[in-house]
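Numbering (numbering that gives the first Met the number 0), first residue to last: 0 to 114. Every residue, glycine too, gets a C-beta built ideally from N, C-alpha and C. Nothing here was measured: the structure is a model prediction, and the numbers come from that model.
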Amino acid sequence: MVYSKDQFHLVNGLGREISGTRMELSRLTGGSYSGVCALLTGRVKSMKGWVVKGVVERRYSTPRSKLIRLRHESGRIVTGTRSELIEVIGCSQSALSALLNGNNKSAYGYTLVGC
0 MVYSKDQFHL VNGLGREISG TRMELSRLTG GSYSGVCALL TGRVKSMKGW VVKGVVERRY
60 STPRSKLIRL RHESGRIVTG TRSELIEVIG CSQSALSALL NGNNKSAYGY TLVGC
């Protein structure tokens, strides 16, 4: 494997800037060499909070997670994002996905509300 001697510049969310070769950046950030390579080639947008300097990380003004309402067979209604519902209901991610995608009519006694 041939290592590049090119210098790259990274910045984190706190404004700290670092420069170095790919190997030096992996040591400075605490990330793996392959993680740094993925960041520098654009396969990933950030790694351990670091982005390539000059690349603006996109911030969303509205929440990206859609709220979902479920009704239990006992009448209890639960509202939350996918990850919140998985935690509250105690179901698996695949069971909730099957319910939301329409593959199953219910999951752990819960059905979709208003769909």
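Starting from residue i and walking both ways along the beta strand (DSSP E), at which residues does that stretch end?
| i | result |
| --- | --- |
| L111 | Y109 to L111 |
| L66 | First-last for L66: undefined, no H or E at that position. |
Starting from the C-beta of residue i, find all residues in its chain whose C-beta is less than 7 Å away, skip the five residues before and the five after it, and write them out in chain order.
| i | result |
| --- | --- |
| Q6 | S18, G19 and T20 |
| R42 | none |
| V112 | R68, L69, R70 and I76 |
| S93 | none |
| L27 | I17 and G19 |
Apart from the five residues just before and just after residue i, which ones in its own chain have a Cβ nearer than 8 Å to its Cβ?
| i | result |
| --- | --- |
| G89 | Y107 |
| L95 | R81, L84, I85, I88 and A106 |
| A97 | N103 and A106 |
Buried or exposed: where does residue i fall if 16 or more other Cβ atoms within 10 Å of its Cβ makes it buried?
| i | result |
| --- | --- |
| V87 | exposed |
| S25 | buried |
| G14 | exposed |
| L38 | buried |
| L66 | exposed |
Can you find the residues in the same chain that come closer than 6 Å, C-beta to C-beta, to residue i, ignoring five residues on each side of it along the sequence?
| i | result |
| --- | --- |
| G48 | N11 and G12 |
| V35 | R21, L24 and S25 |
How far does the alpha helix (DSSP H) with residue i in it reach, from first residue to last?
| i | result |
| --- | --- |
| R81 | R81 to I88 |
| S93 | Q92 to L99 |
Taking the alpha carbon of residue i as the reference point, which residue from the options has its own alpha carbon closest?
| i | options | result |
| --- | --- | --- |
| R68 | L99, M22 and V35 | L99 |
At the 7 Å Cβ level, is residue i part of the contact set with chain C, yes or no?
| i | result |
| --- | --- |
| T28 | The chain labelled as chain C is not found in the depicted structure, where only one protein chain is given. |
Every unbroken beta strand (DSSP E) within the segment 6 to 48, with a cutoff of 3 residues, ordered by chain | 7 to 11 and 16 to 19
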